[in-house]
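One structure is given below, encoded as structure tokens.
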Amino acid sequence: LPVPSPGFTSVPVCPGIPMQFTDTSTVAPPAVVNSWDWNFGDGTTNIALQNPTHIYNLPGTYQVTLVAEDNNGCRDTVVLPISTTAAPVTGFTYTTTCATATVQFTDTTIISGGAITSWTWDFGDGSPVDNTQNPNHIFPGPGTYTVTLKADVGSCSDIATQVITLQNLPT
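Below, the structure written as structure tokens:
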């Protein structure tokens, strides 16, 4: 009898967010895969669902095992690595507090794995968002503005917000 060919896919997520596992196991007809035994590689108990979700509490690489069994009692195993990435710790600095000057923003985001895939700056003045890492911005005038930076590492993100006050130049 043919043995099942176990397989699965998953989409990486941040720790603490459910990761969806999708069974892609096959077997030659007329047999059908009718039993799944998952081990997520983090010391939690096994689960016997076809398409489970699992929450990893820490970033890292885990060896996930799937045992697929068909209706004839034939079984096989696959072990694949999956990874979770820690969310970035977003931060930024800026250079000036004068209303008529160009303000230089510098991203100071810290990441522990992967790479930053996008930056989204909202300057709090109604202007369009900026998606560069270290933008320059001219505000419409003196006042207080809430500036927000969202940094993404894959599906993980973090937001930093600072209130800045721009002063008039002395006359």
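This note's numbering numbers the first residue of the sequence shown as -2 and each following residue consecutively. Here a beta-carbon is modelled for each residue, glycine too, at the ideal position from N, C-alpha and C. Only a predicted model underlies this, so the values are computations on that prediction, with no experimental measurement involved.
Name the DSSP bridge partner or partners of residue i?
{"i": "T74", "result": "V64"}
{"i": "D39", "result": "In DSSP, D39 forms no bridge with anything."}
{"i": "I107", "result": "V86"}
Would residue i and residue j be called neighbours here (beta carbons separated by less than 7 Å)?
{"i": "D20", "j": "F37", "result": "no"}
{"i": "L46", "j": "P3", "result": "no"}
{"i": "P137", "j": "D122", "result": "yes"}
{"i": "P78", "j": "Q60", "result": "yes"}
{"i": "T99", "j": "I135", "result": "yes"}
{"i": "V24", "j": "D73", "result": "no"}
{"i": "F89", "j": "A157", "result": "yes"}
{"i": "T87", "j": "D155", "result": "yes"}
{"i": "F18", "j": "S7", "result": "yes"}
Should residue i go down as buried or exposed, given a rule of 16 or more other Cβ atoms within 10 Å for buried?
{"i": "T141", "result": "exposed"}
{"i": "V30", "result": "buried"}
{"i": "L163", "result": "buried"}
{"i": "T81", "result": "buried"}
{"i": "P1", "result": "buried"}
{"i": "A112", "result": "exposed"}
Excluding the 5 residues flanking residue i on each side, which residues of the same chain have their C-beta closer than 6 Å to its C-beta?
{"i": "I52", "result": "P15"}
{"i": "C11", "result": "A84 and C153"}
{"i": "V76", "result": "Q60 and T62"}
Leaving out five residues before and five after residue i in sequence, what residues of the same chain have Cβ atoms less than 7 Å from its Cβ?
{"i": "T97", "result": "L166"}
{"i": "I108", "result": "P85 and V150"}
{"i": "G13", "result": "I52 and N54"}
Tell me which residues share the same chain as residue i and place their Cβ nearer than 8 Å to its Cβ, disregarding the 5 neighbours each side in the sequence.
{"i": "A128", "result": "Note that residue 128 is Asn in the sequence shown here, rather than Ala. Cβ within range, chain order: S115, W116, T117 and W118."}
- Just checking, does the stretch 109 to 125 make contact with the stretch 146 to 155 on the three C-beta pairs under 8 Å criterion? yes
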